[in-house]
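Worksheet: the structure to be examined is printed underneath.
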DNA sequence: GCGACAG
DNA sequence: ATCTTGTCGC
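In the UniProt record's numbering, the protein residues as written are 1 to 229.
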């Protein structure tokens, strides 16, 4: 899978230093706390690349806990940054913010495709986006970025901790969202805590591996892709 | 020095 | 993320 990826263009050291410094500052702004109130609306977002030089970000809003879709918008723009592991947010966040700005209904919390604090510097795209929007966020990723864990049981609902091997701190939870499918990695972003992130993720499952907010954002990304081509 | 590396 | 056919398992 991700073991023998062909070596891509080497990231510019100066750029990486700059971005690392920005994440260091942003890390100080990320807050862990329970939601102020039970959400009435939950958002979901996802980005895709119709062409190597363009990015399409989708934002959906669903009622909670009914999970009825109430709105879907997108933003299509030129790509400005390369993909560098650990710096994904700098490539996608700005365009996601542009999509968010088009919403008529403001979500009480946002489920982001990617990690929250389960990141080398605790600033995955979910945390980064939360700080930019000052809205509660948490991340749901399909692949691990950092940390160690033991495989959760094969049945839906089983959970194991994602631990930072260096500090021993809990940085996320590995959740089996469906029987016998690869688990999801859930971690809080900004203005959210682990218990809330996990609870909302479970509350958004509807028989598929992906919880509804991200599943619908994925679906509409595919539909909108036809419009921009 | 040797792995690992979200989307 | 994206490029892609057939195929295994419930």
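By construction, the Cβ of each residue, glycine as well, lies at the ideal position given by its N, Cα and C atoms. For clarity, every value in this text was computed on a predicted model and none was experimentally measured.
Residue 2 - DSSP class collapsed to helix/strand/coil
As a first step, residue 2 is located in the first chain; it is residue number 2 there, counting from the start. Its pLDDT being 46, under 50, residue 2 is placed unreliably in this model, and the coordinates cannot settle the point.
Please report how far the alpha carbon of residue 162 lies from the alpha carbon of residue 169, in whole angstroms.
Locating residue 162 in the first chain gives position 162, counting from the first residue. Locating residue 169 in the first chain gives position 169, counting from the first residue. Taking the straight line from one Cα to the other gives about 9 Å.
Whole-angstrom distance between residue 9 and residue 59, CA atom to CA atom
Within the first chain, the letter at position 59 stands for residue 59. Within the first chain, the letter at position 9 stands for residue 9. Using only the alpha carbons, I get a separation of about 30 Å.
Sequence-distant residues of its chain with Cβ nearer than 6 Å to residue 91 (five each side left out)
Walking along the first chain from the start, residue 91 turns up at place 91. Non-local C-beta neighbours of residue 91 in its own chain, meaning closer than 6 Å and more than five positions away in sequence, comprise 81, 83, ordered along the chain.
Just checking, does the segment 85-103 make contact with the segment 188-197 on the three C-beta pairs under 8 Å criterion?
Fewer than three pairs of CB atoms, one per stretch, sit closer than 8 Å, so the segment 85-103 makes no contact with the segment 188-197.
Quick one: is residue 221 buried, meaning 16 or more other Cβ sit within 10 Å of its Cβ, or exposed?
Your numbering for residue 221 matches position 221 in the first chain. Under the 10 Å beta carbon count, residue 221 is surrounded by 16 or more other beta carbons and is classified as buried.
Taking 7 Å as the threshold (C-beta atoms), are residue 174 and residue 50 in contact?
On the first chain, residue 50 is found 50 positions in, with the first residue counted as 1. On the first chain, residue 174 is found 174 positions in, with the first residue counted as 1. With a cutoff of 7 Å on beta-carbon distance, residue 50 and residue 174 are scored as not near each other.
Quick check on residue 26: does DSSP put it in helix, strand or coil?
Within the first chain, the letter at position 26 stands for residue 26. In the displayed model, residue 26 falls within a helix according to three-state DSSP.
Pick from 85, 37, 114, 179: whose alpha carbon is nearest that of residue 152?
Position 152 of the first chain, counted from the start, is the residue given in the question as residue 152. That would be 179, whose Cα lies nearest to the Cα of residue 152.
Apply the 10 Å Cβ neighbour rule to residue 107 and answer buried if 16 or more other Cβ atoms are within range, or exposed otherwise.
Against the first chain, residue 107 aligns to sequence position 107. With 16 or more neighbouring CB atoms inside 10 Å of its own CB, residue 107 falls in the buried class.
Which whole runs of the alpha helix (DSSP H) in the segment 18-95 are 4 residues long or more, in chain order?
Taking 4 residues as the shortest admissible run, the segment 18-95 contains no complete alpha helix (DSSP H) segment at all.
Cα-Cα separation between residue 125 and residue 141, rounded to whole angstroms
Numbered from its first residue, the first chain carries residue 125 at position 125. Numbered from its first residue, the first chain carries residue 141 at position 141. Their Cα atoms are separated by approximately 10 Å.
Let me know the secondary structure DSSP gives residue 196 once reduced to three states.
Taking the first residue of the first chain as position 1, residue 196 is located at position 196. In this structure, DSSP gives residue 196 a helical state, which the three-state scheme calls helix.
Can you tell which of 72, 14, 40 has the C-alpha that lies nearest to the C-alpha of residue 266?
Since the first residue of the chain shown is 1 and the last is 229, residue 266 is not available in this structure.
Could you pull out every residue in the same chain whose Cβ sits closer than 6 Å to the Cβ of residue 57, ignoring the five residues on either side in sequence?
Taking the first residue of the first chain as 1, we reach residue 57 at position 57. Excluding sequence neighbours, residue 57 sits near 47, 75, 95, 96, 99.
Can you tell me whether residue 122 is buried or exposed, with buried defined as 16 or more other CB within 10 angstroms of its CB?
Within the first chain, the letter at position 122 stands for residue 122. When all chains shown are included, residue 122 counts as buried.
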